[in-house]
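In the numbering used here, the protein residues as written are 121 to 592. Note that CB positions come from ideal geometry on N, CA and C, so glycine has one too. Working notes, structure below.
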Amino acid sequence: MERLLQTKAIRSLCALAMLATASAALAQSQPTQIHTSPRVDPGVYSGRLTPNYPTPYQPATTQSIEATLQRVHAYLEQAAPLRVVNGATGAEVSDLKKLPDLAALDRTDLLILTYEWGVTYSGMLLAADITGDTRYRKYTQERLAGIATLAAHAKKHLAADGSVPAVAHGMSMRSIVKPRSLDDAGSMCAAMIKANRAGLGNHLRPWIDNYVQFVSGTQFRLADGTLARNRPLPESLWLDDLYMSVPCLAQAGKLTGDNRYFDDAVKQILQFSERMFVQERGLFMHGWVQGMQPHPVFPWGRANGWATMAMVELLEVLPETHPGRARILEIYRTHAAALAAAQGHAGLWHQLLDRRESYEETSASAMFVYALARGINRGWLDARAFGPAVSLGWNAVTTKVNAKGQVEGTCVGTGMGWDPMFYMYRPVHVLAAHGYGPVFLAGAEMIALLRAQADVVVNDGGVHFGKATSPH
């Protein structure tokens with residue numbers, strides 16, 4: 121019995137050995153089967169796979185842009201109204217024909233007599249012109265008319281020393297009656313001249329003249345006539361001041377026909393650029409101080425926005441025959457190419473343009489969209505090269521306009537710094553007023569661009585400004 125069991129065990133082992141040998145032979149005669157996903161042929165399937173873009177990629181429609189601008193306008197109607205108070209008591213004043221001696225603007229969420237709001241008025245006037253929507257014109261007209269009325273009243277009630285009295289409540293009219301800085305004068309002046317030229321009333325002219333006189337004749341300058349400040353250090357140049365001066369001077373030249381204003385505007389851009397435009401980078405440094413060695417380069421986004429907007433504002437009205445025009449156009453184009461190259465992957469630009477680790481900032485991004493789109497619309501830039509960047513840029517900016525119409529991600533007011541941490545940790549807030557005007561400017565200019573560019577196409581997955589070609 122034991123021998124029989126041993127025989128059966130031996131036979132079983134032999135059978136197993138033969139089976140293993142056969143299996144190995146079969147494995148060698150057939151390829152190994154590896155279970156993987158089907159191979160994707162890029163030529164066949166690339167059009168069927170959807171990229172997971174962080175920002176809408178398809179070019180916006182003019183209808184969607186108008187809807188965004190209308191939402192922002194609705195917010196500003198309640199956040200930045202024309203509201204007057206008694207500067208002594210704080211009581212609201214409803215009748216501008218019965219003003220107390222010490223009348224003042226109420227300190228609303230967003231103030232309507234600031235350089236930021238000069239940009240907003242300019243943006244709304246452009247939006248009104250391009251869209252035909254009268255709500256933007258009405259907003260601007262009502263507030264500028266109220267400001268002019270209050271300024272005229274304040275001028276009649278100056279203190280014994282000729283100053284505008286301080287107020288316990290609200291915001292006095294000091295910045296318009298007795299401007300002390302380019303921030304007080306330049307941006308508001310440009311907006312008022314545009315409003316005046318648009319037929320919104322000659323009552324603005326005395327304040328236009330007051331602003332122009334300050335910018336052209338009173339503001340501190342370096343020995344060569346370059347507009348400067350004595351803060352934070354003596355003889356400092358702020359790149360921001362290109363927008364706080366050049367549009368005012370350019371519009372004054374257009375309004376009066378006096379070429380001296382054009383000459384001064386051109387001089388400011390050229391002399392700022394000689395000191396602050398870093399040619400090899402194509403970007404501007406934010407600050408420059410006479411005698412400092414070396415000059416640290418911090419290409420702050422919004423300051424570069426002020427600079428490029430100043431150039432397009434000047435080019436818009438500067439006579440074609442002006443001897444400085446070609447050089448300004450050259451600087452603008454070099455700057456534009458560098459800005460396009462600095463755009464972040466999701467469409468926005470960074471707080472420091474050369475540091476991708478710095479946060480994405482909305483006001484500068486909207487400024488760049490406006491200035492580049494204007495360049496395309498005027499034939500200064502090639503739509504094929506710059507159109508996709510501004511299309512993506514606008515789409516990215518719209519992601520920062522929330523349901524209430526507030527513009528998010530805007531850096532608060534910023535001085536001049538000499539280290540990266542100063543810029544990279546500046547707070548952002550929806551009440552940082554710098555973002556609102558550029559959104560109107562960018563949106564309006566994008567509408568004009570899309571209307572003019574009938575051949576905006578998505579071809580092989582990419583946005584192209586130009587006639588579509590055959591896929592073969």
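For residue i, count the other beta carbons within 10 Å of its own beta carbon; 16 or more makes it buried, fewer makes it exposed. Which is it?
i: GLN399; result: exposed
i: LEU169; result: exposed
i: GLN198; result: exposed
i: ASN515; result: buried
i: GLY464; result: buried
i: GLY319; result: exposed
i: THR338; result: exposed
i: PRO443; result: exposed
i: ASP384; result: buried
i: TYR259; result: buried
i: GLN388; result: buried
i: PRO174; result: exposed
i: GLY507; result: buried
i: PRO299; result: buried
i: THR254; result: exposed
i: SER336; result: buried
i: SER214; result: exposed
i: GLU236; result: buried
i: SER547; result: Note on identity: in this sequence residue 547 is Pro, with Ser being the wrong assignment. With fewer than 16 Cβ atoms within 10 Å of its Cβ, PRO547 is classed as exposed.
i: VAL386; result: buried
i: LEU347; result: buried
i: THR251; result: buried
i: PHE117; result: The first residue shown for the chain is 121 and the last is 592, placing residue 117 beyond what the model contains.
i: LYS314; result: buried
i: VAL576; result: buried
Indicate whether residue i and residue j have their beta-carbon atoms separated by less than 8 Å.
i: ALA272; j: VAL332; result: no
i: TRP358; j: LEU435; result: no
i: ALA564; j: GLY243; result: yes
i: LEU70; j: SER301; result: What the structure shows of the chain is the stretch from 121 to 592, and residue 70 is not part of that stretch, so it cannot be assessed.
i: MET293; j: GLY238; result: no
i: VAL517; j: LEU492; result: no
i: SER478; j: MET544; result: yes
i: LEU278; j: ALA223; result: no
i: GLU186; j: ILE567; result: yes
i: GLU433; j: VAL366; result: yes
i: GLY495; j: ALA456; result: yes
i: LEU324; j: PHE560; result: no
i: PRO558; j: TYR452; result: no
From the DSSP output, in three-state form, read off residue i for me.
i: ALA142; result: For ALA142, the predicted model reports a pLDDT of 44, less than 50, meaning its position is unreliable; a value from the coordinates is still stated below. Three-state result, ALA142: helix.
i: ARG257; result: helix
i: GLY402; result: coil
i: ASN206; result: strand
i: MET429; result: helix
i: ARG325; result: helix
i: TRP500; result: coil
i: GLY581; result: coil
i: GLY586; result: coil
i: ARG349; result: strand
i: TRP237; result: helix
i: VAL192; result: helix
i: ARG341; result: strand
i: PHE397; result: strand
i: ILE154; result: Caution applies to ILE154, whose pLDDT of 34 falls short of 50 and renders its modelled position unreliable; the value that the coordinates give is listed next. Residue state, collapsed to three classes: coil.
i: ALA247; result: helix
i: VAL409; result: strand
i: VAL521; result: strand
i: GLU186; result: helix
i: GLU212; result: strand
i: LEU551; result: coil
i: ALA223; result: strand
i: LEU231; result: coil
i: LEU169; result: coil
i: VAL366; result: helix
i: VAL576; result: strand
i: VAL417; result: coil
i: VAL532; result: coil
* To do: Tell me, please, whether the stretch 571 to 590 touches the stretch 262 to 272 by the rule of three or more beta-carbon pairs shorter than 8 Å.
  => The answer is no - the stretch 262 to 272 does not touch the stretch 571 to 590, with fewer than three Cβ pairs under 8 Å.
* **Contact the stretch 450 to 466 vs the stretch 524 to 533: 3+ CB pairs below 8 Å** => Judged by Cβ distances under 8 Å, the stretch 450 to 466 makes no contact with the stretch 524 to 533, as fewer than three pairs qualify.
* **Touch test, the stretch 194 to 211 against the stretch 221 to 231, Cβ-Cβ under 8 Å, three pairs minimum** => A contact exists between the stretch 194 to 211 and the stretch 221 to 231.
* To do: Just list the beta strand (DSSP E) runs in the stretch 428 to 516, keeping only unbroken ones of 3 residues or longer that don't cross its boundaries, in chain order.
  => Correct list: empty.
* Asked: When the Cβ atoms of the stretch 468 to 480 are set against those of the stretch 426 to 434, are three or more pairs found closer than 8 Å?
  -> The stretch 468 to 480 makes no contact with the stretch 426 to 434: fewer than 3 CB pairs, one atom from each, lie closer than 8 Å.
* **Every unbroken alpha helix (DSSP H) within the stretch 267 to 324, with a cutoff of 4 residues, ordered by chain** => Listed in chain order, they are 294 to 297 and 302 to 317.
* Contact between the stretch 516 to 523 and the stretch 186 to 195: three or more CB pairs below 8 Å? -> Touching, yes.
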